[in-house]
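Everything below concerns the one structure shown next.
Protein chains: 2
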Amino acid sequence: MTQFMDIHHGMQGITADQLRQAHEADLAIQEEESVYFRQAWADPDSGTIYCLSEAPSAEAVQRIHERTGHKADEIHAVPLMVQ
Amino acid sequence: MTQFMDIHHGMQGITADQLRQAHEADLAIQEEESVYFRQAWADPDSGTIYCLSEAPSAEAVQRIHERTGHKADEIHAVPLMVQ
Chain A
1 MTQFMDIHHG MQGITADQLR QAHEADLAIQ EEESVYFRQA WADPDSGTIY
51 CLSEAPSAEA VQRIHERTGH KADEIHAVPL MVQ
Chain B
84 MTQFMDIHHG MQGITADQLR QAHEADLAIQ EEESVYFRQA WADPDSGTIY
134 CLSEAPSAEA VQRIHERTGH KADEIHAVPL MVQ
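Going line by line, the protein sequences match chains A and B. Counting from 1, one number per residue, gives the positions in the first sequence under the numbering used here. Counting from 84, one number per residue, gives the positions in the second sequence under the numbering used here.
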């Protein structure tokens, strides 16, 4: 499993409820692709969402996002992490 | 305090040690600007680093990154989060 950061643009004005609903839609079907969404952050001003997951591939992440109606604009493996 | 996601480009080939050293340099002086770096993720292939912090402003985040020699290319407030 690799960590991925995916990015969605054009989400200006997204609310906390909308972010939670989108995330919960992903969580509801994620196991069908062995994807595990960990966290997501949103900037309503620039309309950007950052979404962190663990998954077997970027394609698996995208399949979940496509099925829930919010295809990612970019998906990058982020194999390195510090905290 | 607001959460911020900052992004660094052009870091192709960054190693785990280099990411950790950069993060530790930030941690060492972060309190001088009341910035708290939480996590960072790196994609050595695209050369992208994503860095999550809590801070009073984007300018405070940038001042720390500038002093440690790795100015961010983008800094976005991310007031919304789910996990």
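Don't be surprised by glycine CBs; every beta carbon is placed ideally from N, CA and C.
Item, Value
"Bounding residues of the alpha helix (DSSP H) (the contiguous stretch that carries VAL165/B)", "Where VAL165/B is concerned, there is no enclosing alpha helix (DSSP H), although the beta strand (DSSP E) it sits in stretches over 163-165."
"Contacting residues, own chain, Cβ-Cβ under 6 Å from SER129/B (five flanking each side not counted)", "none"
"Test: PRO162/B CB closer than 9 Å to a CB of chain C", "Looking at the structure shown, chain C is missing, and the protein chains on hand are A and B."
"7 Å Cβ cut-off: residues of chain B touching MET5/A", "TRP124 and TYR133"
"For ILE90/B, the three-state DSSP class (helix, strand or coil)", "strand"
"CB contact check: THR151/B to chain A, cutoff 9 Å", "no"
"Bridge partners - ILE49/A, DSSP secondary structure assignment", "HIS8/A and ALA42/A"
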